[in-house]
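The structure appears below as structure tokens.
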Amino acid sequence: MKDVMLPALASSNMPIKTSKPKCTVHRENLSHLLLPVWHDKTTSSEFLEPRFRFLIPGSNKVRVVKGLLSAFESTSLIQAIESLGFSTPTAFDKSVRACERRHTVDLGMSDAIMARLKSYLPEIVHIDGVRWRLKRFTHHWRYIKYLPKGHFVPHYDGAKMLRYPTPAISVFTVQIYLNDDFTGGNTRFYSDYEPVRYASHDIPIGEVKNFKPSSSPTHEVKPETGSVLIFDHVNNVLHDGAEVKSGVKYIMRGDVLYEVFEEDVPQLLHNVSNLEPNLLNWCPETAIKYGTRNHVGEVWLCDCADDGHGSGIHHCEAFSYADEYVSKEDSNEEKKKVRPASTAEALNGLHDKELHDKNGQSLIYILISGKRASGKDYITNLIYDSLISKGISVHRAALGHINKRSYAASIGIDAIRLENDREFKESHRIAMVAHHTARNAQDPEGCLKEVKSNAKQANAEVLLLSDIRTLQDLHWFKQQPGEVVLLRITASDETRKLRGWNPCQRKDSLHTETELDSFFNWTACWDNSDVSPERTQLLHEWIEYTVIPRIPLSKLRFGAAFRP
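Mapping to the numbering used here: the sequence shown position 519 is 679, numbers consecutive.
Structural data, given as structure tokens:
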């Protein structure tokens, strides 16, 4: 709790008046327009695959996720915001930014979007040697409308800093495209632009016009209804919004907060770092006074901050505790009305379970999913090595190994060749799937029980499975005592072809290839398309700073001794 609590607002649509208002901020609750993910009007199509990708090779600063919202949900939000009304922002001249917007504070929207987006965000980020852990959205959601000739010149999105009760900083911009029935309006990035570095307190408020790249954009994103663009605004990603040529462009955007590790607070406040000064993102002189501010663009002047540097306490924090209590009461009432969950619904709703079985034994199940040639085995090996290096007992398994042995024995072929020769394996894939389906009809739990039994016989703490493929198998693991960690690996068709994938309509439409395309509740997702030299380092960071921290065993075993 904070030292000072601001009074709660009485009306759900009352403007929030800040000490230095630049615009009117409205409390809204539009999250009811987002349907349950299993609803037939939400997006759950295999045609979205690969759903997740990094935009820039060799970098994880810019991410794109397809189908975060459905067309139905996106249209509902546009209609709702149009009925509430837009206003013209006054912070920038129209030559810099031409648009209309509705600025809201919406805790419900933050919760709803985070539930869908968390698996695509890193759990831990490092900024100038200080560690920050994923917390929540800032609760500020801006709905922006670009009419013809609407645009935003090259600029940096600023970070927002909260200092109490625990320092937190916004790290990622989340921009959701609500429509695509317009021309122009692409979001463009200048990844080769090197900005001039200034002492941050010398940067005038709103000086985005200083960033004028002489070269063309290096990458761009064409808006697709319901897709989301996520980019790092701490590490200086220069971008613009190209002019809308015809039609009207609608987006909504928010900011993801990360909270500092408690033991790193002294380093943060005193800007102690072993990095060379020219490698620091943040200005030490300003950090001592304001918390932090970067060298190339301001920490954005949030309407909820009162110190001119975005490091104050935003007002929505003051009533969030009361709102959370009310929302929980409402949620409990709603739960009484909810119909029984189908299999798909139950699988998409993760709940804590007893960690130990009747014999006092426990397992953490790490289940990895992905299409053929996405790189599942390679990533499974890296995760295995990471866990072993931390003293964790791991049993690595694959359901496919069991099926291959059984299939090979049934028709008298070499099981080892079937395991290691991709071309030979692919020539038998359809028959193998048919063989496995027939076995499952007789004993649907046979392979699953075998891998679990083998893990327990090995006294393993973790069962690492490299090929979860069906909802039925996923459901079985989630019914077992213990915890389940679900990882989804995707890759572009081009990269999969480089790894030996030959497109085949019959094979690619098998249920073992497509059934989990519509599953959304992954613990973490990774785009394994990159073939650049930086790929290995980025993948290592994902494993160490997202996968490992989200495995329950890491918290139980390591405690304070484990430093991500």
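Even glycine gets a Cβ: it sits at the ideal position worked out from N, Cα and C.
Query: Under 8 Å between C-beta atoms of L658 and V691; Result: yes
Query: Given 8 Å, three or more beta-carbon pairs between the stretch 421–430 and the stretch 271–279; Result: no
Query: R565 and A558 closer than 8 Å at C-beta; Result: no
Query: Within 8 Å, strictly: CB atoms of L676 and T540; Result: no
Query: The stretch 608–627 touching the stretch 541–561, judged by at least three CB pairs closer than 8 Å; Result: yes
Query: Pair within 8 Å by beta-carbon distance, L190 and L237; Result: yes
Query: Sequence ranges, beta strand (DSSP E) only - wholly within the stretch 637–686, length at least 3; Result: 643–650
Query: N-terminal and C-terminal residue of the beta strand (DSSP E) that K564 is part of; Result: Not the beta strand (DSSP E): K564 falls in the alpha helix (DSSP H), residues 559–571.
Query: Y418 in three-state terms, based on DSSP; Result: strand
Query: For L527, the first and last residue of its enclosing beta strand (DSSP E); Result: 524–530
Query: Burial state of S553, where buried means 16 or more other Cβ atoms lie within 10 Å; Result: exposed
Query: The stretch 399–406 contacting the stretch 310–327, beta-carbon criterion three pairs below 8 Å; Result: yes
Query: contact_flag[the stretch 592–604, the stretch 637–648] where n(CB pairs < 8 Å) is 3 or more; Result: no
Query: The stretch 227–241 contacting the stretch 684–702, beta-carbon criterion three pairs below 8 Å; Result: no
Query: Any 3 or more C-beta pairs closer than 8 Å across the stretch 215–225 and the stretch 384–395; Result: yes
Query: Where N508 falls: helix, strand or coil (DSSP); Result: No answer about N508 holds up, because its pLDDT of 47 lies below 50 and its placement is not dependable.
Query: Short CB-CB distance (under 8 Å) between V408 and chain C; Result: This model lacks chain C altogether, as it is built from one protein chain only.
Query: For E380, the three-state DSSP class (helix, strand or coil); Result: strand
Query: Distance, T378 Cα to E242 Cα; Result: 34 Å
Query: Euclidean distance between Cα positions of S637 and C607; Result: Note on residue identity: the sequence assigns Phe, not Ser, to residue 637. Rounded to whole angstroms, F637 to C607 spans 12 Å at the Cα level.
Query: Segment contact flag, the stretch 248–256 with the stretch 348–357, C-beta cutoff 8 Å, min 3 pairs; Result: no
Query: Helix, strand or coil at D341 according to DSSP, with G and I counted as helix; Result: coil
Query: Beta-ladder partner(s) of I304, from DSSP; Result: R261, I411
Query: Per-residue DSSP class, three states only, for G401; Result: strand
Query: Per-residue DSSP class, three states only, for R211; Result: coil
Query: Segment contact, 8 Å Cβ cut-off, at least three pairs: the stretch 583–595 with the stretch 608–618; Result: no
Query: For M412 and Y538, believed in contact at Cβ under 8 Å, the rounded distance; Result: Actually they are not in contact, since the Cβ atoms of Y538 and M412 sit about 37 Å apart, beyond 8 Å.
Query: Which listed residue (G289, V425, V285, T184) has its alpha carbon closest to that of P325; Result: V425
Query: Cutoff 6 Å; reference K727; Cβ partners in own chain excluding five residues on either side; Result: Within the shown structure, residues of the chain are numbered from 161 to 724, placing residue 727 beyond reach of any answer.
Query: Inter-residue spacing [alpha-carbon to alpha-carbon] between F246 and L322; Result: 27 Å
Query: Run of the alpha helix (DSSP H) containing I539, from where it starts to where it stops; Result: 536–549
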